[in-house]
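Residues in the sequence shown are numbered from 57 upward in steps of one, following my numbering.
The beta carbon of each residue, even a glycine, is placed where N, CA and C say it ideally should be.
Structure first, then comments.
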Amino acid sequence: SDIGANTLLLHPDTWVHSKPTPNRLRLLRDYVRDGGGLLMFGGYYSFQGINGGARYRKTPVEEVLPVNCLAFDDRVEVPEGFSPVLKGSSDHPILRGLGSDWPVLLGFNEVTPKDGAEVLATVSSDYGSLPLLVTGHYGKGRTVAWTSDVGPHWLPPEFIAWNGYKTLFEQMLSWATGE
(Lines of atoms letter the chains of each structure in order from A; the text may use other names.)
(Lines give C-alpha, C1' and ligand atoms only; values in the text may rest on other atoms or scores of the structure.)
Protein backbone atom coordinates (compact mmCIF):
# COMPACT_ATOMS: atom_id res chain seq x y z
CA SER A 57 0.00 0.00 0.00
CA ASP A 58 2.93 2.35 0.43
CA ILE A 59 4.46 2.45 -3.04
CA GLY A 60 4.45 5.91 -4.56
CA ALA A 61 3.99 6.54 -8.28
CA ASN A 62 7.67 7.32 -8.79
CA THR A 63 8.62 3.89 -7.46
CA LEU A 64 6.69 2.36 -10.35
CA LEU A 65 7.41 5.07 -12.91
CA LEU A 66 11.16 5.45 -12.47
CA HIS A 67 12.86 2.16 -13.27
CA PRO A 68 16.43 1.97 -11.90
CA ASP A 69 17.75 2.21 -15.47
CA THR A 70 16.02 5.58 -15.81
CA TRP A 71 16.73 6.80 -12.28
CA VAL A 72 20.37 5.72 -12.04
CA HIS A 73 21.54 5.46 -15.65
CA SER A 74 19.30 8.02 -17.41
CA LYS A 75 18.08 5.43 -19.91
CA PRO A 76 14.57 5.49 -21.39
CA THR A 77 12.25 2.74 -20.10
CA PRO A 78 8.54 1.99 -20.58
CA ASN A 79 6.09 4.05 -18.54
CA ARG A 80 4.88 1.40 -16.11
CA LEU A 81 1.93 3.49 -14.96
CA ARG A 82 0.65 3.45 -18.55
CA LEU A 83 1.30 -0.29 -18.71
CA LEU A 84 -0.91 -0.76 -15.63
CA ARG A 85 -3.64 1.37 -17.20
CA ASP A 86 -3.47 -0.62 -20.43
CA TYR A 87 -3.55 -3.89 -18.48
CA VAL A 88 -6.80 -2.88 -16.77
CA ARG A 89 -8.31 -1.48 -19.97
CA ASP A 90 -7.66 -4.83 -21.65
CA GLY A 91 -9.41 -6.84 -18.92
CA GLY A 92 -7.06 -6.91 -15.93
CA GLY A 93 -7.91 -6.07 -12.35
CA LEU A 94 -6.33 -3.48 -10.07
CA LEU A 95 -6.72 -3.08 -6.32
CA MET A 96 -5.38 0.03 -4.63
CA PHE A 97 -5.07 0.09 -0.87
CA GLY A 98 -4.59 3.15 1.29
CA GLY A 99 -1.57 4.13 3.31
CA TYR A 100 1.01 6.83 3.73
CA TYR A 101 2.28 6.44 0.14
CA SER A 102 -0.95 5.57 -1.59
CA PHE A 103 -3.47 7.70 -3.49
CA GLN A 104 -1.87 11.13 -2.86
CA GLY A 105 -0.36 10.22 0.52
CA ILE A 106 1.83 12.00 3.02
CA ASN A 107 2.60 15.54 1.88
CA GLY A 108 1.26 14.55 -1.54
CA GLY A 109 4.31 12.30 -1.98
CA ALA A 110 2.59 9.26 -3.47
CA ARG A 111 1.70 11.33 -6.53
CA TYR A 112 -0.96 9.16 -8.13
CA ARG A 113 -3.09 12.23 -8.95
CA LYS A 114 -3.30 12.87 -12.71
CA THR A 115 -1.49 9.64 -13.59
CA PRO A 116 -2.65 6.73 -15.74
CA VAL A 117 -3.27 4.80 -12.50
CA GLU A 118 -5.70 7.44 -11.23
CA GLU A 119 -7.39 7.27 -14.65
CA VAL A 120 -8.42 3.65 -14.03
CA LEU A 121 -9.32 4.00 -10.34
CA PRO A 122 -12.96 4.35 -9.28
CA VAL A 123 -11.92 7.41 -7.24
CA ASN A 124 -10.16 10.72 -7.76
CA CYS A 125 -7.10 11.58 -5.69
CA LEU A 126 -6.84 14.93 -3.93
CA ALA A 127 -4.21 17.49 -4.94
CA PHE A 128 -2.59 17.50 -1.48
CA ASP A 129 -1.82 15.32 1.54
CA ASP A 130 -4.93 13.14 1.84
CA ARG A 131 -4.28 11.25 5.07
CA VAL A 132 -6.97 11.40 7.74
CA GLU A 133 -5.87 10.10 11.14
CA VAL A 134 -8.70 8.94 13.42
CA PRO A 135 -7.06 8.01 16.74
CA GLU A 136 -10.43 7.34 18.40
CA GLY A 137 -11.40 5.01 15.56
CA PHE A 138 -14.40 4.96 13.25
CA SER A 139 -16.78 2.19 12.29
CA PRO A 140 -17.15 1.52 8.56
CA VAL A 141 -20.66 2.15 7.22
CA LEU A 142 -21.85 -0.30 4.60
CA LYS A 143 -23.65 1.26 1.63
CA GLY A 144 -23.57 -1.61 -0.85
CA SER A 145 -25.88 -4.59 -0.97
CA SER A 146 -24.96 -7.42 1.39
CA ASP A 147 -25.12 -9.76 -1.60
CA HIS A 148 -22.40 -7.86 -3.50
CA PRO A 149 -19.57 -10.37 -4.12
CA ILE A 150 -17.14 -8.29 -2.04
CA LEU A 151 -19.49 -7.86 0.94
CA ARG A 152 -21.10 -11.31 0.92
CA GLY A 153 -20.99 -13.01 4.32
CA LEU A 154 -19.24 -10.13 6.11
CA GLY A 155 -22.19 -8.73 8.03
CA SER A 156 -22.54 -5.06 8.86
CA ASP A 157 -20.66 -4.87 12.17
CA TRP A 158 -17.00 -4.35 11.26
CA PRO A 159 -14.23 -3.45 13.73
CA VAL A 160 -13.03 0.14 13.91
CA LEU A 161 -10.32 1.60 11.68
CA LEU A 162 -7.86 4.33 12.67
CA GLY A 163 -7.39 6.25 9.44
CA PHE A 164 -7.84 6.49 5.69
CA ASN A 165 -6.88 8.41 2.57
CA GLU A 166 -9.48 10.98 1.52
CA VAL A 167 -10.67 10.56 -2.08
CA THR A 168 -13.80 11.36 -4.08
CA PRO A 169 -15.78 8.74 -6.02
CA LYS A 170 -15.92 9.02 -9.79
CA ASP A 171 -19.20 9.08 -11.68
CA GLY A 172 -20.39 5.53 -12.22
CA ALA A 173 -18.35 4.10 -9.34
CA GLU A 174 -20.08 1.96 -6.72
CA VAL A 175 -19.41 3.01 -3.12
CA LEU A 176 -19.73 -0.15 -1.03
CA ALA A 177 -18.62 1.37 2.30
CA THR A 178 -17.83 4.78 3.74
CA VAL A 179 -16.15 6.15 6.82
CA SER A 180 -18.50 7.32 9.58
CA SER A 181 -20.55 10.49 9.24
CA ASP A 182 -18.28 12.12 11.85
CA TYR A 183 -15.68 12.15 9.07
CA GLY A 184 -17.97 13.16 6.23
CA SER A 185 -19.11 9.72 5.06
CA LEU A 186 -16.16 9.69 2.67
CA PRO A 187 -15.46 6.62 0.49
CA LEU A 188 -13.80 3.62 2.14
CA LEU A 189 -14.48 0.81 -0.34
CA VAL A 190 -15.28 1.65 -3.97
CA THR A 191 -15.47 -0.45 -7.13
CA GLY A 192 -15.43 0.54 -10.76
CA HIS A 193 -14.85 -0.55 -14.34
CA TYR A 194 -12.30 0.75 -16.81
CA GLY A 195 -12.42 -0.58 -20.33
CA LYS A 196 -12.77 -4.35 -19.96
CA GLY A 197 -11.22 -4.38 -16.47
CA ARG A 198 -12.28 -3.85 -12.87
CA THR A 199 -10.78 -1.73 -10.12
CA VAL A 200 -11.19 -1.58 -6.35
CA ALA A 201 -10.14 1.22 -4.01
CA TRP A 202 -9.84 0.48 -0.27
CA THR A 203 -8.85 3.79 1.30
CA SER A 204 -7.62 2.49 4.64
CA ASP A 205 -4.50 0.36 5.06
CA VAL A 206 -4.24 -3.42 5.03
CA GLY A 207 -2.25 -3.65 8.27
CA PRO A 208 -1.05 -1.60 11.24
CA HIS A 209 -1.35 1.28 12.09
CA TRP A 210 -4.68 2.20 10.46
CA LEU A 211 -5.90 -1.37 11.00
CA PRO A 212 -5.78 -2.13 14.72
CA PRO A 213 -5.22 -5.70 15.96
CA GLU A 214 -8.99 -6.19 16.38
CA PHE A 215 -9.58 -5.58 12.67
CA ILE A 216 -6.77 -7.91 11.64
CA ALA A 217 -8.09 -10.60 14.04
CA TRP A 218 -11.67 -10.12 12.76
CA ASN A 219 -13.06 -13.24 11.05
CA GLY A 220 -13.96 -11.11 8.02
CA TYR A 221 -10.46 -9.67 7.47
CA LYS A 222 -9.13 -12.42 5.21
CA THR A 223 -12.48 -12.87 3.48
CA LEU A 224 -12.82 -9.15 2.72
CA PHE A 225 -9.50 -8.94 0.90
CA GLU A 226 -9.94 -12.30 -0.84
CA GLN A 227 -13.34 -11.17 -2.12
CA MET A 228 -11.89 -7.85 -3.31
CA LEU A 229 -9.29 -9.76 -5.30
CA SER A 230 -11.83 -12.22 -6.69
CA TRP A 231 -14.14 -9.43 -7.80
CA ALA A 232 -11.34 -7.42 -9.43
CA THR A 233 -10.09 -10.45 -11.34
CA GLY A 234 -13.59 -11.47 -12.40
CA GLU A 235 -13.51 -14.83 -10.62
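Inter-residue spacing [alpha-carbon to alpha-carbon] between residue i and residue j
i: L176; j: T70; result: 39 Å
i: K114; j: L126; result: 10 Å
i: T223; j: G108; result: 31 Å
i: D171; j: L154; result: 26 Å
Beta-carbon contacts of residue i that lie in its chain and below 6 Å, excluding the five residues immediately before and after
i: G144; result: L151, L176
i: G195; result: R89
i: A236; result: Since the first residue shown for the chain is 57 and the last is 235, residue 236 is missing from the structure and cannot be characterised.
Residues that DSSP places opposite residue i in a beta bridge
i: T178; result: V141, P187
i: E132; result: Sequence inspection shows Val at residue 132; the Glu mentioned does not correspond to that position. DSSP, once it has assigned bridges, lists F164 as partnering V132.
i: N124; result: T168
Opening and closing residue of the alpha helix (DSSP H) in which residue i lies
i: A110; result: Run containing A110: none; DSSP gives neither H nor E here.
i: W158; result: Taken as a continuous stretch (DSSP letters only), W158 belongs to no alpha helix (DSSP H), as it is neither H nor E.
i: R89; result: 80-89
i: F103; result: Taken as a continuous stretch (DSSP letters only), F103 belongs to no alpha helix (DSSP H), as it is neither H nor E.
i: A217; result: 213-217
i: V72; result: 68-73
i: A173; result: Segment: none, A173 is in no alpha helix (DSSP H) and carries neither H nor E.
i: W231; result: 220-232
Cut-off 8 Å between Cβ atoms - residues of its own chain near residue i, not counting five sequence neighbours on either side
i: P135; result: L162
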